[in-house]
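Undergrad: Quick one: structure below, then a few questions.
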Amino acid sequence: MSTDLKPLPKAKRKRLLEHEQKASTRDEKVKDVKAEVTSLREPKNEFADAPPIEASRLQKHDTGASSLNPSNMRSAFHREKFEMKKRKLVQRSEKTARAEILNKEEEGFIEGDDGEPTYAIRQTEIADAVDIANASKYFELHLENFGPYRVSYTDNGRHLLLGGKRGHVASLDWQTKNLHCETNVMETVRDVRWMHTENIYAVAQKHYTYVYDNQGTELHCIKQMHEIHRLEFLPRHFLLVGSSGTGWLHWLDVSIGKMVTSFPCRMGSLDVMCQNPGNAIIHTGHDNVS
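What follows is the structure, encoded as structure tokens:
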């Protein structure tokens, strides 16, 4: 019995070759897709080609993320999740350190001579010591009859609002020295505050809080905010905050004209108040040093 194999027909061999080529192409595509998925899953370091950062800078912004140990987690799922969280925290510290490198500004300060207190240095001496560009910003206002004064600048630092205790209120563009308005409300003024633009401001007067435009026209009388001693405006929340002599704090939404909340601090008169512009938290000072 003969065992010789008959050669395959030409058409069948052609079909087999085409099938093998398609299978090979399909396998290559599968490999490419797997490689792409793997590369997407791997964490990317956007600072791979950037110059290294000093260890002291990284340590300055490290909140303890580098010392975390994901191997302490019980399951593989939690270890992987914790590892991802640690990687994000480390990258955050690195980004903060790199952003600090770009910040070349330095805070200005006054340094007196040996034994000389800085409060003894006069404004005219400072103007004579600085460069011409900063010296040109120096100006002087003689306000002797209606003080003491409370002042407020707009967020861009362009417009100045003045409020004298004896009722004098004025607003101006301090760079061009153009006066917007000037009036006397004929009663005690405890504080003044610009609101979201230079076209409107609030004045804490003897009994109530009033809102005026930049022409000195009275727009509103806010009787819910009575006997207010200090005012603050939160521009990102459109909230006017007032602290009263009776120990109450008030939050007024100026966009809808309604009181958001009011509550008593029960610590006496609130004569000291300021805001943290970074998080809009209101800080107050009380008679018991708290």
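Residue numbers for the sequence shown, in this note's numbering: 958 to 1247. Here a beta-carbon is modelled for each residue, glycine too, at the ideal position from N, C-alpha and C.
1) At what residues does the alpha helix (DSSP H) containing Asn1102 begin and finish?
2) What does DSSP give as the partner residues of Glu1068 in its beta bridges?
3) Run the CB neighbour count on Leu1248, radius 10 Å, all protein chains shown included, and call it buried at 16 or more, exposed below.
4) Go through its chain and collect everything with a Cβ distance to Asp1244's Cβ below 8 Å, but skip five positions before and after it.
5) Give me whichever residues DSSP pairs with Thr1133 in a beta bridge.
6) Looking at Val1149: is its Cβ nearer than 8 Å to the Cβ of Ser1109?
7) Excluding sequence positions up to five away, which residues of its chain have a Cβ less than 7 Å from the Cβ of Thr1053?
8) What does DSSP give as the partner residue(s) for Thr1166 in the beta ladder?
9) Where does the unbroken alpha helix (DSSP H) through His1240 begin, and where does it stop?
10) Using 8 Å as the threshold, is the C-beta distance between Ile1078 and Ile1089 below it?
11) Terminal residues of the continuous beta strand (DSSP E) containing Gln1172?
12) Using only alpha-carbon positions, find the residue among Thr1174, Val1217 and Glu1184 that is nearest to Thr1228.
13) Quick check on the DSSP output: the alpha helix (DSSP H) that includes Ile1010 runs from which residue to which?
14) What are the start and end residues of each continuous alpha helix (DSSP H) run of 4 or more residues lying completely inside the segment 1009 to 1051, in chain order?
15) Using 8 Å as the threshold, is the C-beta distance between Glu1144 and Gly1124 below it?
16) Are the beta-carbon atoms of Val1160 and Gly1121 separated by less than 8 Å?
17) Quick one: grab the DSSP three-state call for Met958.
18) Report yes or no: is there a C-beta of chain C within less than 8 Å of the C-beta of Met1230?
19) Quick one: what's Asp1228 bridged to in DSSP?
TA: Reading from the atomic positions:
1) No alpha helix (DSSP H) contains Asn1102, which DSSP labels as neither H nor E.
2) None, per the DSSP bridge assignment.
3) No information on residue 1248 is available, as it lies outside the stretch 958 to 1247 that the chain covers here.
4) Met1224, Gly1225 and Ser1226
5) Thr1133 pairs with nothing; no bridge assigned.
6) yes
7) His1018
8) Ala1161 and Ile1179
9) His1240 -> not in any alpha helix (DSSP H); beta strand (DSSP E) instead, spanning Ile1238 to Gly1242.
10) no
11) From DSSP, Gln1172 is part of no beta strand (DSSP E); its letter is neither H nor E.
12) Here residue 1228 turns out to be Asp, not Thr, going by the sequence shown. When only C-alpha atoms are compared, the closest one is Glu1184.
13) It is not in any alpha helix (DSSP H) - Ile1010 carries neither H nor E in the DSSP assignment.
14) 1012 to 1018
15) yes
16) no
17) Unreliable placement is indicated for Met958, whose pLDDT of 49 sits below 50; no coordinate value is reported for it.
18) Note that chain C does not occur in the displayed structure, where there is just one protein chain.
19) Paired residues: none, contrary to the question.
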